[in-house]
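Down below is the structure, laid out as structure tokens.
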Amino acid sequence: MKAVTPFNVMVEPIILVCPPLLKRYISECWGAVTTDKTKRRRKHLNHTVKLRFLLKEGRDLTSMTMGEMGYPIQLKEEGNKHFQAGEIDQAIESYTNAIKSCKDKKTLAVIYRNRSACYLKKENYNYAASDASKAIDVDAGDVKALYRRCQALEKLGKLDMAFKDVQRCATIEPKNKTFLETLRRLGADIQQKLKTSFSTDSRVQNMFDILFSEESDKEKREKAANNLSVLAREDAGAERIFQNNGVPLLVQLIDTGKPEMILAAIRTLSGMCTGHRARATAIIHMVGISKLCSIMAVDDEEIALATANLFQCVYDSLSGADKRIYGKEESLVLDSSKDLKDILLALLEMIASKKVSGHGRDQALNLLSRNVPRKDKKSTDHSKCLFTIDHGLRKILKVCGQVPDLPDQLPLTENTQLIASVLLNKLYDDLRCDPERDNFRDICDDYIKGKFDPNDMDKNIHAINTLSGLLQGPFDVGNALSGRQGVMEMMVALCGSEREVDQLVAVEALIHASTKTSKASFFISNGVSLLKEMYKKTKNEKIKIRALVGLCKLGSAGGDDYSMRQFAEGSTEKLAKQCRKWLCNPTLDVRTRKWAIEGLAYLTNDADVKDDFVEDEPAMRSMFELAKSKDKTILYAVACTLVNCTNSYDKKEILPEMVQLAKFSKQHVPEQHPKDKKDFIQRRVKKMLKNGVTSALAVMVKADNSILTDQTKEMLARVFLALSEDTKDRGTIVAQGGGKTLIPLALEGTDKGKIKASHALAKIAAVSNPEMAFPGERVYEVVRPLVSLLSTDRDGMENFEALLGLTNLAALNDKLRVKILKEKALPEIENYMFEEHDQIRQAATECMCNLVCCKEVQDRYLDDGNDKLKLLVLLCGEDDEKLQRAAAGALAMLTAAQKKLAVKITKVTGQWLEIMQRLCLHDNPQIQQRGLVIVYNMLDGDEQIGKKLIESELLEILTYVAKLEDNPKKQDAIDAARACLSRAMDNGLIKPFSN
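Residues 35 to 1029, numbered by my numbering, are exactly what the sequence shown covers, in order.
Set out below in structure tokens:
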């Protein structure tokens, strides 16, 4: 193989070895006037001199790297070119490679200084300050490096250090206006900061004095507590509290034992920990994890929730989930893994402790559910999940197995066991391979088998209740264990027990086992007769209703397929009627009435049942009231019922050809019930809205995330979309708070659920006043969901209604327009302006018309090499009036804001003059006015174009319109025509008639 030359410059051998020739070559290069030739020779010289010294030292050039031969200079120059071209990432890469190979200290300092400028552009101020410091270490008088470090330190909030750097800059270059202005500004900022700090310190002390004073009245203490927690949310305030011995004082507040004091202290600590790793670590060590757990364990829902929020803030700060940067403080905390592990162990201890209240247990389970499973399934690190299974799976199973009706049980709320089931499901889903799943299953199996005892019925029902928890969580695990020898037999035996609690636990387990009928064949073949017998014989309403729910599940196995009914004609209606009766019975406890909704969730697959239910207003209102109760385990059943009643589930499209083929081959053909047709669905939706379904949905969405699973969110989004189908109903949805309720559904949950919620938002935003539908700052959160619907993967209706919604939002204010551009909606909107579908093209053009006020949009139209302006001009010549009005409006605003565009119009298409004439003669006064404004802007923008316009037939058109009598309907157009003629006279293009 041919050897590769390690450098690019051709070197004359005689120059390398002959000092006199080298001396003369230097004088020719540096003594001559600079030309292209001398530039090349100087560059040649740099390499030549370098190579000569290397040869003199006896170095082997063929084995040397490019860096050892002076290549860093080339990389530095390459980085400079990238920086000047605005290619910051490439510039950083070039400078970084140059640093790796550079040996010369002065050159290295320059490269560090240049890379510092790149990091400033990227807003990575820590790295910018670090690189500038390395340059200053070599040359303390490097003003560029000093000023760059000053800029970085200012952004990091270190004003005093930034002031010192710019002070040195001003000393070196006392006439530099930039340095003097920065010096003055930073001095003023430091004074203001000192003033604020002193006032904040006194305020903090004053608040603590009020809180500790026995003489302060309750109102004053509450106000001081609120002010303290608000102050802690700002980093400056949190730092002042921390520096002023705030943490020990807050611990004293907690030790008072007064609920309002504890809440104030916990909320203040949460604000101090948020996004600040160093403070979070210090607070955890000063307060103690065990103390925080004991606070969360108290039987007070508000305190438990606030403490859980504090734990979450600490966990986010320590784990890096909160990405905020606070400068040097980050380096103070070397490793947080031990603290994170201690928090995890403490939470696992809490969930099985009898000293913990039901609310505290709920929050401990919620924290585990939120922080243990991977948020990104692509990540390979699931060590937290494996750790939790090894140290806490049995404890979670213990919670699932608790039977509140028995003595000596753990304190629970209505939601605890469902939260535990959700956590089990998340842990199982987070496992990555079969051996890990087998281990999970084995631990569960050992736990349940260990509880079976023929001499202790309480242990047996604990085992069966644990199985119920698994069937509500990782169903595959629960289903596999229910098939183990003796398990189903134990359920049957419990059903025949005389104790009510035994029967309740067994029936609930049977119900959960039949959740997935396709996998529960054993139960279907053996459990139906048992349930029927229990339903007929028992006089206990609690057992009767649960047996009924089991029968309901089996009765709905065919879904909405009319031909696949499990029971005889009319049987499901009878079951549903009984469910509605129990649902409306206020004498029954909430837990029992909840089972009635469970039954309806399955029975409403039948169209007759859903129609009867919606007609029964008391039953529907009772369900909505239960949905608002504290027992959130009901949410999934309510969501299922609403999805069934609105027919908002996915439906398979039945092709007539396939039906004929199925009949020919004697295969089953699904049939649609007559009451599942569109007019029946619309009638049901109207009834539900009338009975307050939107307010019930709003309460459901506010439920804790561990209960409100992604699947439940998707179902709620489907219901909202079905409710907002009719334009007339959208006002009712907005009035009942549906607009703001949809925002979290559009931002979190399954992909399908987010799309459904975004579509419902688009429908509302398209026809409502956004300021009323999404009050306050919420309106800015609507932008992202709407922009997501502009993807080409979405269907045409979603694209169209998203564009209408964005048009409405863009009409409100500049801040919203900027938000739309930041979400990268502009390229998508431009693409839809080329769409063949008339309505989508019109909607995109209307949206663009509202966005052209932005400088960024105007710059895109000014850029050469695209057809954006040409398209807008051609759209003005279309026959569709709405499209014309939008395009002409956009063009009028663009030419008013950028006079260069008035010139550019004449170059993009030869039809421009004809189109302008058509606009100025249009029958629609709004379009006519827009055309005349464009003409005025062109007259105002360029004298030559003005001359061309006046020499055409346009002068006659302007004269005709200007001479029209004043008319309120056409006055704007008449005034615009008169303004055009006036401008033409001012430019000397026309003269007035003389008498």
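Idealized CB from N, CA, C, for every residue including glycine.
Check your understanding: Nearest CA to the CA of Asp373: which residue from Ile385, Ile423, Tyr349?
Key -> When each option's Cα is compared against that of Asp373, the closest is Tyr349.
Point to revise | Phe714 versus Ser682 - alpha carbon distance | key: Using only the alpha carbons, I get a separation of about 13 Å.
Practice item. Taking only the alpha-carbon atoms, compute the straight-line gap between Cys679 and Leu515 and give it to the nearest angstrom. Key: So the alpha carbons of these two residues sit roughly 34 Å apart.
Point to revise | Sub-8 Å separation of Gly305 and Ser370 beta-carbons | key: At least 8 Å separates the beta-carbon of Gly305 from that of Ser370.
Exercise for review: Starting from the C-beta of Gly633, find all residues in its chain whose C-beta is less than 6 Å away, skip the five residues before and the five after it, and write them out in chain order.
Suggested key: Listed in chain order, the non-local C-beta contacts of Gly633 below 6 Å within the same chain comprise Leu582, Val583, Cys586, Cys613, local neighbours out to five positions each way being set aside.
**Study point:** Within 8 Å, strictly: CB atoms of Ala931 and Gln892
**Key:** Less than 8 Å separates the beta-carbon of Ala931 from that of Gln892.
Check your understanding: Between Leu431, Leu440, Ser324, Pro652, which lies nearest to Ser502 when the distance is taken from Cα to Cα?
Key -> Among Leu431, Leu440, Ser324, Pro652, the Cα nearest to that of Ser502 belongs to Leu431.
Review point. Once you ignore the five residues that flank Ala794 on each side, which residues in its own chain have a CB closer than 6 Å to its CB?
Key: Within the same chain, Ala794 has close Cβ partners Phe754, Leu755, Ser758, Leu776.
**Study point:** Three-way DSSP call (helix, strand, coil) for Val437 in this model
**Key:** Looking at Val437 - three-state DSSP - the assignment turns out to be coil, as it is neither helix nor strand.
Review point. Which residues in the same chain as Thr626 place their Cβ atom closer than 8 Å to its Cβ, once the five residues preceding and following it in sequence are excluded?
Key: Hits under 8 Å: Glu575, Lys576, Ile579, Trp616.
**Study point:** Under the three-state DSSP convention, the category Pro620 falls into
**Key:** DSSP places Pro620 in the coil class of the three-state scheme, outside both helix and strand.
Point to revise | Own chain, CB closer than 6 Å to Tyr481, minus 5 neighbours either side, in chain order | key: Cβ neighbours of Tyr481 within its own chain (closer than 6 Å, five residues either side excluded): Arg428, Leu431.
Practice item. Could you tell me if Met806 is buried or exposed, where buried requires 16 or more neighbouring beta carbons within 10 angstroms of its beta carbon? Key: Counting Cβ neighbours within 10 Å, Met806 comes out exposed, since fewer than 16 surround it.
Check your understanding: Rounded to a whole number of angstroms, what is the C-alpha to C-alpha distance between Arg408 and Phe345?
Key -> Those two C-alpha atoms are separated by around 18 Å.
Exercise for review: Tell me, to the nearest whole angstrom, how far the beta carbon of Glu294 is from that of Ala259; I am working on the premise that it is less than 8 Å.
Suggested key: The C-beta distance from Glu294 to Ala259 rounds to 7 Å, short enough to meet the 8 Å contact threshold.
Review point. For the candidate residues Gly787, Arg851, Gly830, Phe868, whose alpha-carbon lies nearest to that of Glu815?
Key: Cα-wise, what sits closest to Glu815 is Arg851.
**Study point:** Glu871 in three-state terms, based on DSSP
**Key:** Correcting the residue identity first, residue 871 is His in this sequence and not Glu. The DSSP-derived three-state label of His871 is coil.
Review point. Contact between the region 489-502 and the region 408-426: three or more CB pairs below 8 Å?
Key: Taking 8 Å as the limit for Cβ pairs, the verdict is that the region 408-426 does not touch the region 489-502.
Check your understanding: Sorted by chain position, which residues of the same chain lie with C-beta nearer than 6 Å to Thr216's C-beta, five sequence neighbours on each side aside?
Key -> Cβ within range, chain order: Val200.
Review point. Thinking C-beta only, is Thr667 closer than 8 Å to Glu864?
Key: No, they are not a contact pair.
**Study point:** Exposure of Glu1049, with buried meaning 16 or more beta-carbon neighbours within 10 Å
**Key:** The requested residue 1049 is not part of the displayed model; the chain covers only 35 to 1029.
**Study point:** Own chain residues within Cβ distance below 8 Å of Ser61, not counting five before or after
**Key:** Summary for Ser61: the model assigns pLDDT 45, below 50, so the residue's position carries little reliability; its value from the coordinates is reported in the next sentence. Apart from sequence neighbours up to five positions away, no residue of its chain approaches Ser61 with a beta-carbon distance below 8 Å.
Review point. Got a sec, what are the start and stop residues for the alpha helix (DSSP H) Gly28 sits in?
Key: Past the edges of the chain, shown from 35 to 1029, lies residue 28, and the structure says nothing about it.
Review point. For Ile1024, which of helix, strand or coil comes out of DSSP?
Key: Looking at Ile1024 - three-state DSSP - the assignment turns out to be coil, as it is neither helix nor strand.
Check your understanding: Is the CB-CB distance between Ser729 and Val768 below 8 Å?
Key -> Not closer than 8 Å, so no.
Practice item. Express the C-alpha separation of Lys198 and Arg218 in angstroms, rounding to a whole number. Key: Taking the straight line from one Cα to the other gives about 12 Å.
Exercise for review: Work out the CA separation of Ala454 and Leu399 for me, nearest whole Å.
Suggested key: If you take the alpha carbons of Leu399 and Ala454, they lie about 6 Å apart.
Review point. Are the beta-carbon atoms belonging to Lys628 and Asp665 less than 8 Å from one another?
Key: Yes.
Check your understanding: CA-CA distance, Leu352 and Ala314?
Key -> Whole-angstrom Cα-Cα distance: 7 Å.
**Study point:** Pairwise C-alpha distance: Lys904 and Gly309
**Key:** Approximately 49 Å, taken between the alpha carbons.
Review point. Under the rule that 16 or more other beta-carbon atoms within 10 Å means buried, what is Met1019, buried or exposed?
Key: It counts as exposed.
Practice item. Tell me whether Ala780 sits in a helix, a strand or coil according to DSSP, three-state version. Key: Here Ala780 sits in helix by DSSP.
Review point. Mapping DSSP to helix, strand and coil, what is Glu864?
Key: In the structure shown, Glu864 sits in a helix (DSSP, three-state: H, G or I).
Point to revise | Check whether Ala635 and His707 have beta carbons under 8 Å apart | key: His707 is positioned such that its CB atom lies no closer than 8 Å to that of Ala635.
Review point. Between the region 166-185 and the region 141-148, do at least 3 Cβ pairs fall closer than 8 Å?
Key: Verdict: yes, contact present.
Practice item. Please go through the same chain and pick out, in chain order, the residues whose beta-carbon is closer than 6 Å to the beta-carbon of Val83, but skip the five residues on each side of it. Key: Only weak support is given to the placement of Val83: the predicted model assigns it a pLDDT of 46, under 50, and the question is left unresolved by the model.
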